[in-house]
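Here the sequence shown stands for residues 579 to 934, numbered as in the numbering used here.
C-beta: ideal position from N, C-alpha, C; glycine also.
As structure tokens, the structure follows; a few thoughts come after it.
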Amino acid sequence: MTPLFDSAEVSRRLLAWYGREGRDLPWRETRDPYRIWLSEIMLQQTTVAAVIPYYKRFLERFPTLDALATASLDDVITLWAGLGYYSRARNLHRTAQQIMAEAAGAFPDTLEGLTALPGIGRSTAGAILSIAFDIPAPILDGNVRRVLVRLFAWTEDPRSSRAEKQLWAWAGALTPEVGPHDYAQAIMDLGATLCTSREPDCGSCPLQEICLAYKEGLATTLPIARKKSKTPVRQQVALIIHSPAGILLRQRPAEGLLGCLWEFPTVDLSGGLKPEQAADRLLSDLGLHGVLDKNSEIRHVYSHFKLELTVFSIDVGPAGIVSERSAHRWCSGTELEMLPLHGAHRKAYNKFKANS
Ligand code: SF4
């Protein structure tokens, strides 16, 4: 299929539309690479509506790269709690420290410099270069990818290496030398507001007259859907152990899934054990004793698995106040409200409070 347009036609149409319809978003009031970078990282896998309050709170607490670099990782994770994909928060913190230490706080303005930093891939680097520095650099985030697949009516698997190569080539060819700052935001806005995954609003789209998917009646069938693999299910048992010293929590290791987040002592349900047996065993591994009271069953979906969590509460009384093991801490209700618990455990705590 031969395109019905040249690259200048696409940017001309997009820029005119963006001038009329572009969204007024907090990170559009600045060219500060720190703020642009923060918004781009927060927007990965997350909607604009969810990001805005986090973005504002984050900048109130860490208004500069230096403020972020000198903060504790715990403080950063606490502010991130609820936004998900926590490796983003850890990478932000590491990157801020790296730029402060190696470049005296000067944000890199090259593709190589940016992609050498933790958590910055080629597309995020392209967005930072275009939006903060007005340097033409292609972007291929989820929204842009969908627009290009449709604009060029790409009918193959959009996740293949062949597609990857072709989409980057198109993204590069369409990025204008003049005005990449507005173009980058315009094409991302188009994907977010009109060329949406389920119901593209072709009637309002500035690219309608040149869009091959529209012309071929393929707008709602492209990109072709990924064959869904079954999401694995993990079963775990968690203990809400309380004593006059508070409720026992532990912090997950910094590296790995849900790193640095807090949770109740938890164990995988394996080896044919019943939840009560696994709970008893975990309690005794902690050197504690008490009567288990089944509190709730929680279901929570994480990015790569579904969690089924059986929650027991146990009052271990004053005798149960053993010394805190590494990464474990007795917390008051107020402290617990402030700590970043990961999703399933926050739900479990809310149910525990409601049942108490
Ligand atoms: Fe997307 Fe429809 Fe616009 Fe094509 S015409 S780019 S399918 S919204």
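Member of the options whose CA lies at the smallest distance from the CA of residue i
i: L637; options: L621, Q623 and W605; result: W605
i: R659; options: N873, T673, A922 and K929; result: Residue identity check: residue 659 is Ala in the sequence provided, not Arg. It is A922.
i: N873; options: T912, I818, S862 and Q829; result: I818
i: K929; options: S891, W908, T912 and H906; result: S891
i: K935; options: G837, L729 and L718; result: A query on residue 935 cannot be resolved here, the shown segment of the chain reaching from 579 to 934 and no further.
i: L887; options: S910, K925 and P918; result: K925
i: L657; options: T608, C838, P696 and S701; result: C838
i: I765; options: T624, A731, G750 and V725; result: V725
i: L827; options: C909, H878, V845 and G868; result: C909
i: M620; options: Y632, R609, P611 and D610; result: Y632
i: A797; options: A749, R728, E841 and V756; result: R728
i: L707; options: G865, D610, P641 and A679; result: D610
i: F883; options: T912, K931, Q814 and F685; result: Q814
i: G911; options: I825, L616 and G865; result: I825
i: L935; options: V894, G769, T642 and S934; result: Nothing about residue 935 can be read from this structure; the chain reaches only from 579 to 934.
i: A770; options: S739, N721 and A751; result: N721
i: V869; options: R740, Q855, Q622 and W615; result: Q855
i: P641; options: L661, E833, F583 and T608; result: T608
i: Y612; options: D602, I698, A627 and L745; result: I698
Secondary structure of residue i, DSSP reduced to three states
i: H671; result: helix
i: H759; result: helix
i: F636; result: helix
i: V654; result: helix
i: R609; result: coil
i: D644; result: helix
i: L885; result: strand
i: V894; result: coil
i: S874; result: strand
i: V869; result: coil
Report task. Could you tell me which uninterrupted beta strand (DSSP E) segments, each at least 3 residues in length, are contained entirely in the region 801-864, listed from first to last along the chain? Result -> 811-821, 824-829 and 844-846
**Report entry** Inter-stretch contact (C-beta, 8 Å, three-pair minimum) for the region 644-651 and the region 667-682
**Finding:** yes
**Report entry** Every unbroken alpha helix (DSSP H) within the region 679-751, with a cutoff of 4 residues, ordered by chain
**Finding:** 689-693, 700-711 and 720-729
**Report entry** Residue list, Cβ distance to the ligand SF4 heavy atoms smaller than 5 Å
**Finding:** R728, L772, C773, P778, C780, C783, L785, Q786, C789, A791, Y792 and A797
Requested in this report: Pair every Cβ in the region 741-760 with every Cβ in the region 806-821, then say whether three or more of these pairs are closer than 8 Å.
Outcome: no
Query raised in the report: Can we say the region 848-862 touches the region 770-783, given the rule of at least three CB pairs closer than 8 Å?
Result: no
Query - Complete runs of the beta strand (DSSP E) confined to the region 760-795 [at least 3 residues] - result: none
Query raised in the report: Three or more C-beta pairs closer than 8 Å, one from the region 797-807 and one from the region 874-889: is that the case here?
Result: no
Query raised in the report: Looking at C-beta atoms only, is the number of pairs between the region 581-594 and the region 687-699 that lie closer than 8 Å three or more?
Result: no
Report task. Counting only runs of 3+ residues fully inside the region 904-929, write out the beta strand (DSSP E) ranges in chain order. Result -> 906-909
Query - the region 854-861 / the region 785-795 touching (three or more Cβ pairs under 8 Å) - result: no
Query raised in the report: Counting Cβ pairs, one atom from each stretch, are 3 or more of them under 8 Å apart for the region 727-738 and the region 788-797?
Result: yes
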